[in-house]
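Numbering (full-length UniProt numbering), first residue to last: 1 to 164.
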């Protein structure tokens, strides 16, 4: 496993992650935007007190990650998530007629408006920063936003990746 890789020069990569707490049913959702120098440019962490399936939670995280990047003027060239099935649905245009089809269509519309976006799968173990941020969100339970900085729970991971 090679781990997280940076985007091309001048581009941004957004990593989206969602975890459903099996006890409470709540969803911890996290978004990290980085550049080719591996700098964390923005992070967003949110707890949703709703009962969603894992696949719908992952789709919501991708949609929010896409929207977050645009709102921060950091429109990503690539969005990564840890669910290969959801990435396949987006890339192949599958399941648009299901109960989560509206989310897929919304992602399609955003993608058409920005052009050049790609969606890919990354193992949750390869993207340790997003995994750590999500685990932290399930404990903290408050919405948080960082711009040009990042929370302490991912500092060691991000700085280790930048140094080598």
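Note that beta-carbon positions come from the ideal geometry of N, C-alpha and C, so glycine has one too.
The three-state secondary structure of residue 142, taken from DSSP, is coil. For residue 19, DSSP records a beta bridge to 28. DSSP places residue 41 inside the beta strand (DSSP E), whose first and last residues are 40 to 48. Here the segment 118 to 128 makes no contact with the segment 46 to 60; the two share fewer than three CB pairs at distances below 8 angstroms. Here the alpha carbon of residue 151 sits roughly 25 angstroms from the alpha carbon of residue 23. The three-state secondary structure of residue 80, taken from DSSP, is strand.
Around the beta carbon of residue 91, fewer than 16 other beta carbons sit within 10 angstroms, so the residue counts as exposed. By the Cβ test, the segment 10 to 19 is in contact with the segment 77 to 94, since at least three Cβ pairs between them sit closer than 8 angstroms.
Residue pairing for residue 35: DSSP places it in a beta bridge opposite 12.
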